Amino acid sequence: MTMREVPLRRRDDLTEWHDLAPADCEKCGCNYFYAKDDPDIVWDPGKAWDEDCRDRDCACHVSPVVGMRRSGEPL
Ligand SMILES: [Zn+2]
Numbered sequence: 000m001t002m003r004e005v006p007l008r009r010r011d012d013l014t015e016w017h018d019l020a021p022a023d024c025e026k027c028g029c030n031y032f033y034a035k036d037d038p039d040i041v042w043d044p045g046k047a048w049d050e051d052c053r054d055r056d057c058a059c060h061v062s063p064v065v066g067m068r069r070s071g072e073p074l
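All residue numbers for the sequence shown refer to numbering that gives the first Met the number 0, where the first residue is 0 and numbers rise by one.
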């Protein structure tokens with residue numbers, strides 16, 4: 000059985016589906032995802048720290064943006 004770690008598609012906070020691409024948080028090095036069709040829409044890891052996380056107090060952990068725009072603009 001193959002475990003698929005990376006979800007290929009997720010829904011944003013409304014109902015749109017997006018193809019996702021992985022990226023590394025610049026501050027702590029953890030993995031997050033962004034929508035390929037709109038990189039401003041992101042899915043932060045929240046409490047899912049990577050083993051080599053450099054900063055567990057990073058905003059992507061303490062106030063994760065999940066299926067919404069990083070910039071705070073409405074979807
Ligand atoms: Zn981070």
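Built from N, CA and C at the ideal position, the CB exists for glycine as well. All values derive from a computational prediction rather than experimental measurement.
Own chain partners of residue i with C-beta closer than 8 Å, once the 5 adjacent residues on each side are dropped
i   : result
D11 : H17, A34, I40, G66, M67, L74
Cβ neighbours of residue i in the same chain (closer than 7 Å, five flanking residues each side left out)
i   : result
C24 : Y31, C57, C59
W48 : C29, R55, H60
Ligand 2 heavy atom lying under 6 Å from the CB of residue i
i   : result
K35 : What this structure holds is ligand 1, not ligand 2.
Buried versus exposed call for residue i [16 or more other C-beta atoms within 10 Å across all chains shown]
i   : result
V61 : exposed
P44 : buried
Residue i - containing beta strand (DSSP E), residue span
i   : result
S61 : The sequence given here places Val at residue 61; Ser does not occur at that position. V61 -> not in any beta strand (DSSP E); alpha helix (DSSP H) instead, spanning 58-61.
P21 : 16-23
V65 : 65-68
D37 : 37-42
R10 : 8-10
Proximal residues to residue i (C-beta, below 6 Å), its chain only, five neighbours per side dropped
i   : result
S70 : D39
C27 : C52, R53, D54, C57
Using the beta-carbon of each residue, find all residues closer than 7 Å to any heavy atom of ligand 1 and list them in chain order. That gives C24, K26, C27, C29, D54, C57, A58, C59, H60.
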